[in-house]
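*Asks:* Residue numbers (the numbering used here), protein chains in the order written: chain A, 1149 to 1661; chain B, 1149 to 1661. Every residue gets a Cβ at the ideal spot worked out from N, C-alpha and C, and that includes glycine. This is the structure I have questions about; it appears just below.
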C-alpha cells in the first residue's frame, strides 16, 4: 500500500469513520485511498464548512473527526471553526496536503507557512516520509483525543502519500479516558461549599445528564446557587433534567449575578471572564474576594467528580425535577419571544439544537427548559459561522435525531455553503434563520461604546440590508427547500412541516425590516 | 481625538480612501471613527470577501487598500485572499482589532495568536498604545506600499482605539517608487539575448502597456521568444497591444515550451516553477542548461528596464501590432470554446476581466487577444475564491469601467457572499459563472495520478452535484439579477443585456451535467 492508504487504515483503526473534505491536487492520493479504506468522505464546498462539521460531529459522536484540507490556504479557510473546536475541546484531526517535499523550496504559488497556521489551533507535525505516515497519523489522533482533547494537524507532503509504505501495526481505537476525581480537589470544593456563600459553575463535561443530576444533589444539600457557563460545548437540557441559570453574556450582568458569591467551585469550567474587555472593567467576573477552586477540568469526568463532591458533603438522593410546563406555540406577531416559545413548544424529543442564534436566541433558551430532552451545542470560541456546519456534522453523527440549526442571519452568511452538504447528504436538519437583518449585537455594542446616533458608515457596517438577503433563494440555490414566515402561526406551521419530513429544510423567520 | 481617529486620519493622509470591513466589538471605536474621517467603508458579509476586494482594489487603484477585521478568527477567514494579494504584490493594510491590552491574559473565548496568522502573509506589528497608533499606522502603510509592496497587518487592542491620542503629523501619501533599471542587470540581459536561443519571460509589472511595447521592440530586434507568466497580477491585453504566449499550466507542457531556450531573461517574473510537484519531475521549468538572469523584480519599473534593454540591444521602434481579427459571437452549443469566443467578442472596451475561470477559461484567453483593450487580473496565489471579491474591489477602484468576473463555479462558491457587496454598492460587474458542476481540474489530476476509474468517494469529492447549485437563485439571494443560459446564442444575449445595464448581474453558463 502507499502512504495515503497506510494513513487511512491507521485512522480507521483509531476510530475515524468520517472525513470532512475539500481536497485539491496535493491530496489526490488520499482521495483515491478513501475508496480503498472504509472511511466515509463528505464533501464541503468551503473548508470552514468541513471544520465546523468536524466539530459538530466530534461533539456528538464521541470519536475523533477528520478533515482533509488543501495546503495553507485551505487550512486558513477552516481555522475559524477549528478555533471553536479547540475551545469546545473537540477531538479533530486535520490532514493537510502539502507540496512534494522537494518542491517546497521552489516557493510555488500555493506555498505558505502551514505549520504557523496549524500551530495556532493546537498540535502540529509535518510528515517526513511515507514510512512514518501511519505512525504520524496515529500520533495525531492520540494528540486530538487527549486528554485533553483538541485539534491536531498533520501536514502531509504529497510524495509521502503516493510513496510505498508498510501496513500500519494494529492499534486500539483512540479514546480519551477522562481523569478520575481528584480527592484533594473534592475536599477543597466541599470545604468551600460548607463555608458561606459558596456556588458552583458548571461547564465542559459537567453539562451532561449524570453531572447535572449530581449538581442537583449538591444544590439541594448545600443550598448553594449553581450556574452554567455562557457558551456550552454540549449541554443536555429539557424535561426531567435539572436546569440551572446561565451566566449572562454582558459582564455587568454576570458580575451582578455572581456578586453575592464568596467562593466558586469550577466543575468543567474555567474561572469566568468577560467575553470582551470594557473601559474600567476587570476581566474576572467573580468577586475579587471570592475564592475559586477547580473540581474538574473541562474534559475530566465531571459526573464522577460532582458525585464524589455530593457524597463528601453527605448529600442524599434527590427526586427528579418536577415537570416544568411545556410552552405552547405563540400566535400573532413574530418576535424573538414568539420565536423562542414556538420553537421550544414544537422541537421534537431528542433534538440537537445548534445555538448560533446570538441576540435572537435568548428567549428560546428560557422556554427550552420546558421542552422534551434535547442537546444544545453552543458557539464556544466566538468565531461566527459555526452553526450550519456544526449542524451538518451533528446530523452525520446522530442520524436518528432531528438537528435544529438555530441560526442568526449575519453569522449564518459566513458559511451558508453548508446548506449544500445538508442537501447532498440528505441530513435531517431544520435550519431556523433569525432574519433580523442586522448585526444586532454590534448595534448594542455601538450604544455601549457611547455612540448614541451612529453615522452613515457605522449604520452601514451594522445593517444587513439593503439588499435584504433572501434566505429562501439561498436555500434553493443549494438544494434545500425553504419557507419565509412573518407570523408566529406561520412559523409553527413551517416547523411542524419540517419536523415531519426527512431531509433538510430552512425556515426564514423574519424579525427585522 | 482618540486613537482610532488618529489612525484613520493618518491612513487618509497615507492615501487610503476605502476600507473593506467586517468588524466586531473590538473594532467599534474604528467603526465610529469612520464617520468622522473621510474613508469609505464597504461592508463584506465574510472576511474573505473583504480581503479579496482589497486585493482587486489595490491592483487597479495604485494606492493602498485597507481592511478592517475582527481578531484572529476574522483575520483567519481573510487569509486565503491575503495570500493571493501577497503573491500579486498588492499593497494591503489590515487593521485587526484585538482585545483590550489587559484582557488578553484572561484567554477569553475569541483570544488566539493573531500575530502568528498575520505573520504568514507579511509584516505585522501589535500596537502598544493610542499614542503610537497613528505612527504605527503610517509604518504599516509604508510596509504595505514597499518596495516591495505587499500585505501589512496592524493588531490594534481596542483600548488603543478608544484612548486619547494626538492628531498625527502630516505625511505625504504612501506611494511605491519603483527602482530604476539596474545597469548591470540590463547589460547581463543584453548579453544573454545576444547569445544563442535567448528568451524573455514577462511577469509582475512587465505586463503593463509600456513594458509590453518595449518587449515587442526586443523581440523584433533579437528575434527571441517572449512569454508571459501563467498567473498574472495585472495584464493589459487586447487590440493595439503586443501579445505573447502564456507559459502553460501543466509542467510537461511548460517544459516543452521552454525546451529550446538557452537563456531566459526574467522581467518582473521569478524563475518559473511547476505549480505542483509530480513524481520524477523537477520544480524548475526552464532547461537545466539554461542560464537565467533577472532584469527586474516583480515590483520594479519593468517598462523602464525593458526599454533600457531594448536600447542596449540597439532595437529600433516597432510599429504597433497589426490588428487581430475580433472574434464574433458563437452560435449553437455552449461549451468552453463557444463561451470564450462569445465573451471575447462582446466584452466592452476597457473591461477589467477577473479571470478565475480555471479550466473553463483557456479558450477565452486565446480569443481575447482580438478583443478591445482590457485588463486581466489573475489568480496569483492559487487560493481559490478570489474572483468575485476581486471583481468587487476592482469595480470600486474603477467605477467607469465594466468589470467581468469570469468565474469557475467551484471556486466561486468559496466566497459567493461577494455578490451581496456587488448589489449593495451597485457595482458594474458582470459575473459569468462557468457552471461545469465539477472540480474539473481535480478530475484531470486524478487521471494524472493514474486513477483511471475513480471510485465513489473520489467521484463524490470532485463533482458539484447532486444537488446542482442554482446560481440564479444564489444571485437572487444576494440582490443580483441572474440568468441561466444553455446555448451560445442565449449567452450572447445575456452578455449584451448585462453590459448595457448599470449595476451587477450574473450569467450562469451551463457547461456541465
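Residue 1426(B) to residue 1442(A), Cα distance in whole Å?
*Replies:* One C-alpha to the other measures close to 53 angstroms.
*Asks:* Figure out for me which residue from 1362(B), 1429(B), 1537(B), 1514(B) has the closest Cα to the Cα of residue 1458(B).
*Replies:* Of the candidates 1362(B), 1429(B), 1537(B), 1514(B), the one whose C-alpha sits nearest the C-alpha of residue 1458(B) is 1362(B).
*Asks:* To be precise: take each residue of the stretch 1240-1264 of chain B, compare its Cβ to all Cβ atoms of chain A, and keep it if any distance is under 7 angstroms. Which residues remain?
*Replies:* Answer in chain order: 1247, 1248, 1250, 1251, 1254, 1256, 1257, 1258, 1260, 1261, 1264.
*Asks:* What residue from 1402(B), 1172(B), 1295(B), 1249(B) has the CA that sits closest to residue 1353(B)'s CA?
*Replies:* Nearest option by C-alpha distance: 1295(B).
*Asks:* Do residue 1482(B) and residue 1633(B) have their C-beta atoms closer together than 9 angstroms?
*Replies:* Yes, the Cβ-Cβ distance between residue 1482(B) and residue 1633(B) is below 9 angstroms.
*Asks:* Determine the direct distance from the alpha carbon of residue 1386(B) to that of residue 1485(B), and round the result to whole angstroms.
*Replies:* When rounded, the distance between both Cα atoms is 18 angstroms.
*Asks:* What's the C-alpha gap between residue 1533(B) and residue 1229(B)?
*Replies:* Approximately 8 angstroms, taken between the alpha carbons.
*Asks:* Return no unless some Cβ of chain B is closer than 9 angstroms to the Cβ of residue 1225(A).
*Replies:* Closer than 9 angstroms to some Cβ of chain B, the Cβ of residue 1225(A) qualifies, so yes.
*Asks:* Is it right to say residue 1656(B) is buried, meaning 16 or more other beta carbons lie within 10 angstroms of its own, or is it exposed?
*Replies:* When all chains shown are included, residue 1656(B) counts as buried.
*Asks:* When you compare only the Cα positions, how much space is there between residue 1662(B) and residue 1372(B)?
*Replies:* Look at the range of chain B in this structure, 1149 to 1661, and you will see that residue 1662(B) is not part of it.
*Asks:* Give a yes or no on whether the C-beta atoms belonging to residue 1190(A) and residue 1166(A) are separated by under 9 angstroms.
*Replies:* Cβ atoms of residue 1190(A) and residue 1166(A): closer than 9 angstroms.
*Asks:* Could you give the first and the last residue of the continuous alpha helix (DSSP H) run that contains residue 1196(A)?
*Replies:* Counting along the chain, the alpha helix (DSSP H) containing residue 1196(A) begins and ends at 1195-1209.
*Asks:* Where residue 1306(B) and residue 1463(B) are concerned, what is the direct C-alpha to C-alpha distance, given to the nearest angstrom?
*Replies:* Each residue's Cα considered, the two are about 59 angstroms apart.
*Asks:* Anything in chain B within Cβ reach of residue 1565(A), meaning under 7 angstroms, just list it in chain order.
*Replies:* Those within 7 angstroms of residue 1565(A) in chain B are 1561.
*Asks:* Alpha carbon to alpha carbon, how far is residue 1375(A) from residue 1179(B)?
*Replies:* Between residue 1375(A) and residue 1179(B), the C-alpha separation is close to 35 angstroms.
*Asks:* Could you compute how far the alpha carbon of residue 1198(A) sits from the alpha carbon of residue 1461(A)?
*Replies:* Going from the Cα of residue 1198(A) to the Cα of residue 1461(A) covers about 45 angstroms.
*Asks:* Show which residues of chain A have a CB atom less than 7 angstroms away from the CB atom of residue 1624(B).
*Replies:* Chain A residues near residue 1624(B): 1618, 1621.
*Asks:* Excluding sequence positions up to five away, which residues of its chain have a Cβ less than 8 angstroms from the Cβ of residue 1494(A)?
*Replies:* Answer for residue 1494(A): 1477, 1640, 1643, 1644, 1647, listed in chain order.
*Asks:* Taking three-plus beta-carbon pairs below 8 angstroms as touching, is the stretch 1586-1595 of chain A in contact with the stretch 1505-1512 of chain A?
*Replies:* Enough Cβ pairs lie closer than 8 angstroms, so yes.
*Asks:* Taking a Cβ distance cut-off of 7 angstroms, strictly less, list which residues of the stretch 1516-1535 of chain A are near chain B, in chain order.
*Replies:* The residues in question are 1528, 1529, 1530, 1531.
*Asks:* Tell me, please, whether the CB atom of residue 1304(B) is closer than 9 angstroms to any CB atom in chain A?
*Replies:* It does not: the Cβ of residue 1304(B) has no partner Cβ on chain A nearer than 9 angstroms.
*Asks:* Please name the residue, chosen from 1351(A), 1381(A), 1391(A), 1341(A), that lies closest to residue 1364(A) on a Cα-to-Cα basis.
*Replies:* Minimum Cα distance to residue 1364(A) is reached at 1391(A).
*Asks:* Taking Cβ positions only, does residue 1231(A) come closer than 9 angstroms to chain B?
*Replies:* It does: the Cβ of residue 1231(A) has a partner Cβ on chain B nearer than 9 angstroms.
*Asks:* Leaving out five residues before and five after residue 1492(B) in sequence, what residues of the same chain have Cβ atoms less than 7 angstroms from its Cβ?
*Replies:* Only 1475, 1512, 1515, 1516, 1518, 1519 meet the Cβ criterion.
*Asks:* Could you spell out the range, first to last residue, of the alpha helix (DSSP H) harbouring residue 1305(A)?
*Replies:* That residue, residue 1305(A), is in no alpha helix (DSSP H); its beta strand (DSSP E) goes 1299-1305.
*Asks:* Who are the Cβ neighbours of residue 1256(A) in its own chain at under 7 angstroms, not counting the five residues just before and after it?
*Replies:* 1247, listed in sequence order.
*Asks:* Quick check: is the beta carbon of residue 1608(B) nearer than 9 angstroms to any beta carbon in chain A?
*Replies:* Yes, contact with chain A.
*Asks:* Taking just the CA atoms, how far does residue 1449(A) sit from residue 1153(B)?
*Replies:* Rounded to the nearest angstrom, the two C-alpha atoms are 50 angstroms apart.
*Asks:* Take every Cβ of the stretch 1621-1637 of chain B, pair it with every Cβ of the stretch 1212-1231 of chain A, and state whether three or more of those distances are shorter than 8 angstroms.
*Replies:* Flag = no, the stretch 1621-1637 of chain B and the stretch 1212-1231 of chain A do not touch.
*Asks:* Considering only DSSP beta bridges, list what residue 1276(B) is partnered with.
*Replies:* Answer is none; residue 1276(B) lacks a bridge partner.
*Asks:* Please list the segments of the beta strand (DSSP E) lying wholly inside the stretch 1439-1524 of chain A, counting only runs of 3 or more residues, in order along the chain.
*Replies:* The qualifying runs are 1439-1444, 1500-1504.
*Asks:* Along chain A, in chain order, which residues have C-beta atoms closer than 7 angstroms to that of residue 1183(B)?
*Replies:* Simply 1603, 1604, 1605, 1606.
*Asks:* Could you tell me whether any Cβ in chain A is nearer than 9 angstroms to the Cβ of residue 1544(B)?
*Replies:* No, residue 1544(B) lies away from the interface with chain A (no Cβ there is under 9 angstroms from its Cβ).
*Asks:* Would the beta-carbon of residue 1290(A) fall within 9 angstroms of that of residue 1298(A)?
*Replies:* Their beta carbons are not under 9 angstroms apart, which means residue 1290(A) does not touch residue 1298(A) by this criterion.
*Asks:* Can you find a CB in chain A that lies within less than 9 angstroms of the CB of residue 1208(B)?
*Replies:* It does not; no Cβ of chain A falls within 9 angstroms.
*Asks:* Quick test of the definition: if touching needs 3 or more C-beta pairs under 8 angstroms, does the stretch 1192-1211 of chain B touch the stretch 1568-1575 of chain B?
*Replies:* They touch, by the three-pair rule.
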